[in-house]
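S.K.: Here you go, one structure.
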Amino acid sequence: MPRLEPQHFWNGSIKHPVSMSWCSSLRGSKFRHVFGKAATREHSYDGVPITHSVHDNHYCSANPCFIAVVTECTAGGCFLVLPIHHTGRVVPQHPRVCGHRGRVLDVKWNPFDDYSIASCSEDCTVKIWDIPAFGLQQNLTKARKTLVAHSRRVAIIEWHPTAENLLLSSAYDYKVLLWDISQAGAVILYPVRVILMPVHHRYPSEALLLSVSFNSDGSRLAVTSKDRRVRVLDPRAGKILQVSSWKSHRANKVLYINGLKMLLSTGSSSWRHRQMVLWDAEDLSEPLYEEDLDGSAGVLFPFYDPDTHMLYLAGKGDGNIRFYELSAEKPFISFLNEYRSVLPQKGLGVMPKRGLNVMGCEVFRFYRLIAVKDLVGPLSMTMPRKKVETVLPSSSNEEDRTSDVHGPSCFSSQRFSRRICTRRRLETRRP
């Protein structure tokens, strides 16, 4: 067989091509054998009336105990909370969380409490709910906390990654609010921090946020808005630190690449092609990497695993999920493989690392919302057993079968002092 010579490929960047061989780049990756394994219908959640909302949110959130899915209902807003092992057919009479007066736009589990979940709605409120340990036995209508400072519908919520009881919300009133949900009382009127986005007097809607992402310790917040720019904010001071001005990229979603000091944004190019762009987190004047993907119109949701440095791109309305490996050196992004399905996804939930079946060689897990089938289907990203030892080392000894997860490093009241809240790692047993 003749020897393959390295070829010149365009690395996706607008700066210069690099000399590389696609064979050698894949051969050097430890994750080139990762593949997607979809659950059967019996091990999925069947009969879930997924919401008809057109917002570009995930509509799903998962943790090791429960999965929450925003559902369609005749009046007000509600979402379904199912025990994670409650697979199979979901009866229409299953109890729901239905305390909102408007359509629910998103839900997020508290990363430090598996029985606490936040929801935002078109009724201009954010609510915090307590879920019983054995699941819902009847409809839940009374929230533990109600946050009521927004004047228009709330589209985005995000928990702080290191401070316990600290929640971010963004609404159509162009405000970004940080809440301390440990405050006394069932109704909280005043947030602990207000970040006002710059509003143009002729085009005020351009200040509307489309996505948010904290860095690993929560000291920086990356956002994208309707003007299609990426901004980096200091949430403690409420100031904007950086703004991108790259005209060939119209950003929609943004994600901090923790561990590599980078940002990744997805959006569209000047030619209306879907695009991903990699930025230096300290310098948004020029991207490190830029690549056009396809001509589809659906929003691209990025997901990142800092332990394996794998990036997943899943498009709204697509049936496929691309995955890549990131590195701190050029070409920065290497394509690995792609999961394909004929069923389009409306949104996706992600299982935290502590809920994965590590002993079954699982490195990532999605929950795909398949609205055309009223189905929520788990999708496990799995490595062959022969390869997993190089990435997730384990031992035959019980004591060595551990993995690291993160716990809170400070309380919400300490977050706005001079204290730096670095992530605290907890050692837990692998399942």
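Position 31, counted from 1, in the sequence shown is what the UniProt record's numbering calls 31; the numbers after and before it change by one each time, with no gaps. A virtual CB, placed ideally from N, CA and C, is assigned to each residue, including glycine. Source: prediction; values computed, not measured.
1. Within 10 angstroms of its Cβ, does residue 342 collect 16 or more other Cβ (buried), or is it exposed?
2. Quick check on the burial criterion: 16 or more other C-beta atoms within 10 angstroms. Buried or exposed for residue 242?
3. Can you round the beta-carbon distance between residue 308 and residue 31 to whole angstroms, since I take them to be within the 8 angstroms contact cut?
4. Taking 9 angstroms as the cut-off, decide whether the C-beta atoms of residue 300 and residue 316 are in contact.
5. If you drop the 5 nearest sequence neighbours on each side, which residues of the same chain put their C-beta closer than 8 angstroms to that of residue 64?
6. Which residues does DSSP list as the beta-bridge partners of residue 271?
7. What is the residue span of the beta strand (DSSP E) that residue 433 lies within?
8. For the candidate residues 125, 295, 266 and 160, whose alpha-carbon lies nearest to that of residue 151?
9. Let me confirm a value: residue 130 is counted as buried when at least 16 other C-beta atoms fall within 10 Å, else exposed. Which label applies?
10. Given a cut-off of 9 angstroms on the beta-carbon distance, is the pair residue 117 and residue 154 in contact?
11. Considering only residues of the UniProt repeat "WD" (97–131), which uninterrupted alpha helix (DSSP H) runs meet the minimum length of 4 residues and lie entirely inside it, listed in chain order?
12. Could you have a look at residue 43 and say whether DSSP puts it in helix, strand or coil?
13. Measure how close the beta-carbons of residue 332 and residue 304 come, nearest whole angstrom, since I'm counting them as under 8 angstroms.
14. Along the chain, where does the beta strand (DSSP E) that runs through residue 174 open and close?
15. Work out the CA separation of residue 87 and residue 378 for me, nearest whole Å.
16. Where does residue 88 fall in DSSP's three states?
17. From this set, 103, 106 and 247, which residue's C-alpha is nearest residue 285's C-alpha?
18. With residue 321 and residue 77 assumed to form a contact (beta carbons below 8 angstroms), what rounded beta-carbon distance in angstroms separates them?
19. Buried or exposed: where does residue 4 fall if 16 or more other Cβ atoms within 10 Å of its Cβ makes it buried?
20. Hey, how far is the Cα of residue 384 from the Cα of residue 357?
21. Using the C-alpha atoms, what's the distance from residue 338 back to residue 187?
22. Where are the beta strand (DSSP E) runs, 3 residues long or more, that stay fully inside the region 235–282, in chain order?
M.R.: Answer, in terms of the structure:
1. Sequence index remark: in the sequence shown, residue 342 carries index 342 (1-based). Answer is exposed; the Cβ neighbour count stays below 16.
2. Indexing the sequence shown from 1 puts residue 242 at position 242. So residue 242 counts as buried.
3. For the purposes of this step, residue 308 is identified with residue 308 of the sequence shown, where counting begins at 1. For the purposes of this step, residue 31 is identified with residue 31 of the sequence shown, where counting begins at 1. Going by Cβ atoms, the distance from residue 308 to residue 31 rounds to 6 angstroms, so yes, they are a contact pair.
4. Within the sequence shown, the letter at position 300 stands for residue 300. Within the sequence shown, the letter at position 316 stands for residue 316. A contact, by the Cβ cut-off of 9 angstroms.
5. As a first step, residue 64 is located in the sequence shown; it is residue number 64 there, counting from the start. Cβ within range, chain order: 84, 114, 351, 352, 354 and 355.
6. Translated into positions along the sequence shown, residue 271 becomes position 271. DSSP, once it has assigned bridges, lists no residue as partnering residue 271.
7. Nothing in the structure corresponds to residue 433, since the chain is present only between 1 and 431.
8. Sequence index remark: in the sequence shown, residue 151 carries index 151 (1-based). Checked all of 125, 295, 266 and 160; the closest Cα to residue 151 is 125.
9. Translated into positions along the sequence shown, residue 130 becomes position 130. Classification for residue 130: exposed.
10. In the sequence shown, counting from the first residue as 1, residue 117 sits at position 117. In the sequence shown, counting from the first residue as 1, residue 154 sits at position 154. No. Outside cutoff.
11. As far as the UniProt repeat "WD" (97–131) is concerned, it has no whole alpha helix (DSSP H) run of at least 4 residues.
12. The residue labelled residue 43 in the question sits at position 43 within the sequence shown. Note: residue 43 maps to helix in three-state DSSP.
13. In the sequence shown, the residue the question calls residue 332 occupies position 332. In the sequence shown, the residue the question calls residue 304 occupies position 304. Contact flag wrong, Cβ pair sits at about 13 angstroms.
14. Taking the sequence shown and counting its residues from 1, one reaches residue 174 at position 174. For residue 174, there is no enclosing beta strand (DSSP E), as DSSP marks it with neither H nor E.
15. Taking the first residue of the sequence shown as 1, we reach residue 378 at position 378. Taking the first residue of the sequence shown as 1, we reach residue 87 at position 87. Using only the alpha carbons, I get a separation of about 10 angstroms.
16. Against the sequence shown, residue 88 aligns to sequence position 88. Residue 88: strand per DSSP, three-state reduction.
17. Along the sequence shown, read from residue 1 onward, the residue named residue 285 stands at position 285. Checked all of 103, 106 and 247; the closest Cα to residue 285 is 247.
18. In the sequence shown, the residue the question calls residue 321 occupies position 321. In the sequence shown, the residue the question calls residue 77 occupies position 77. Contact between residue 321 and residue 77 does not hold, since their C-beta atoms are separated by about 28 angstroms, which reaches or exceeds 8 angstroms.
19. Translated into positions along the sequence shown, residue 4 becomes position 4. With a pLDDT of 40 at residue 4, under the threshold of 50, the predicted position of this residue should be treated as unreliable, and no value is reported.
20. For the purposes of this step, residue 384 is identified with residue 384 of the sequence shown, where counting begins at 1. For the purposes of this step, residue 357 is identified with residue 357 of the sequence shown, where counting begins at 1. So the two alpha carbons sit approximately 13 angstroms from each other.
21. Residue mapping note: residue 187 aligns to position 187 of the sequence shown, counting from 1. Residue mapping note: residue 338 aligns to position 338 of the sequence shown, counting from 1. Cα to Cα, the separation comes out at about 46 angstroms.
22. 239–243, 249–257, 262–269 and 274–280
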